[in-house]
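S.K.: Chains as they are written, first to last, in my numbering: chain A, 1 to 120; chain B, 121 to 240. For every residue, glycine included, the Cβ atom is placed at its ideal position computed from N, Cα and C. As the structure is a prediction and not an experimental result, all values here were calculated from the model.
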DNA sequence: CAAACATATGAATAATAGTTCATATGAAGA
DNA sequence: TCTTCATATGAACTATTATTCATATGTTTG
């Protein structure tokens with residue numbers, strides 16, 4: 001990173017200090033990437049709807065598809081993404097596969113998001 | 121929604137009840153959409169990095185661009201999105217515009233996400 | 001073991017979103 | 001007022017992603 005890039009806002013000196021401090025406290029690039037990837041999973045209304053259904057109960061794929069009015073394939077693709085992010089887990093029972101929430105962070109994150117959305 | 125869609129998993133009866141209950145407790149479609157739109161904002165590493173910089177201090181656009189090694193334009197576009205979602209606010213001081221976090225939900229949501237990502 | 005059922009998955013398509021480039025807006029100073 | 005600096009924004013391009021369709025995998029039952 002070249003120092004020249006910082007030549008902005010005229011008062012270069014002061015900002016250099018600030019930027020140095022900011023960079024120091026910034027998490028590793030990989031962590032930030034993983035974090036954004038996690039939120040990307042929440043950033044789709046189909047997956048959000050799936051999670052809300054799973055708040056209620058452990059549900060099999062075809063019921064999920066029925067509840068959401070979507071094809072089995074579309075739901076299955078999204079379940080795979082949710083599972084890869086460890087937001088849901090699955091359990092096979094005969095021909096069916098039942099999905100449920102993986103841990104409590106899911107609920108907390110969504111609740112906080114809801115609070116933000118519901119403000120004003 | 122046609123009842124025929126629910127003919128799956130053979131034991132239709134039981135699931136009908138479950139699905140009726142699930143549908144009842146599901147938030148309005150609009151709420152779910154807004155929620156996913158909010159998380160979509162968190163689901164980009166550029167915006168996550170911007171938010172982490174703002175955790176440290178109130179920063180002007182060109183310093184943000186410098187800190188992240190991005191063009192002023194790209195940062196400005198993302199700031200607009202963050203502002204529309206009310207995650208950041210801005211304040212003009214002469215030629216510069218300073219950005220800062222809008223409320224505490226931002227921090228809570230990101231912290232919970234971090235916890236999830238950092239597990240195992 | 002063959003047929004039926006539930007789910008998973010690869011490829012293709014369609015829609016969405018981020019960055020770049022050029023330029024517009026808005027403020028400060030000569 | 002004209003120039004310069006900081007930021008904002010529209011359009012084009014590129015990349016990413018969700019859904020569909022066809023089909024594969026895995027399980028139960030006759």
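Between the region 162 to 176 of chain B and the region 30 to 45 of chain A, can you find at least three pairs of beta-carbon atoms closer than 8 Å?
M.R.: They touch, by the three-pair rule.
S.K.: Tell me the DSSP bridge mates of residue 9/A?
M.R.: DSSP output for residue 9/A lists no bridge partner at all.
S.K.: Please classify residue 239/B: is it buried, with 16 or more other beta-carbons within 10 angstroms of its beta-carbon, or exposed?
M.R.: Under this definition residue 239/B is an exposed residue.
S.K.: Measure the beta-carbon distance from residue 51/A to residue 110/A and round it to whole angstroms, keeping in mind my assumption that it falls under 8 Å.
M.R.: About 7 Å; that satisfies the 8 Å criterion.
S.K.: Comparing the C-beta of residue 99/A with each C-beta of chain B, is any distance below 9 Å?
M.R.: Residue 99/A does not count as touching chain B.
S.K.: Output needed in chain order: residues of the region 156 to 174 of chain B with a Cβ under 9 Å from some Cβ in chain A.
M.R.: Correct list: 156, 157, 158, 159, 160, 161, 162, 163, 164, 165, 166, 167, 168, 169, 172 and 173.
S.K.: Identify, in the order they occur along the chain, each residue of the same chain with its Cβ nearer than 6 Å to the Cβ of residue 166/B, setting aside the five sequence neighbours on each side.
M.R.: Same-chain partners within the cutoff: 198.
S.K.: Spatial neighbours of residue 146/B within its chain, please: C-beta separation below 8 Å, excluding the five flanking residues on both sides.
M.R.: For residue 146/B, where only same-chain residues beyond five positions count, the Cβ hits under 8 Å are 152.
S.K.: Name the two residues that bound the continuous alpha helix (DSSP H) containing residue 118/A.
M.R.: 105 to 118 is the extent of the alpha helix (DSSP H) around residue 118/A.
S.K.: Applying the criterion that 16 or more other CB atoms from any shown protein chain within 10 Å of the CB defines a buried residue, is residue 66/A buried or exposed?
M.R.: It is buried - the Cβ of residue 66/A has at least 16 other Cβ atoms within 10 Å.
S.K.: Can you list, in chain order, the residues of its chain with a C-beta nearer than 8 Å to that of residue 217/B? Leave out the 5 residues immediately preceding and following it.
M.R.: The residues are 180, 181, 210 and 211.
S.K.: Given 8 Å as the limit, tell me if residue 65/A has its C-beta closer than that to any heavy atom belonging to the ligand SAH.
M.R.: In the structure on display, the ligand SAH does not appear, and there are no ligands present to speak of.
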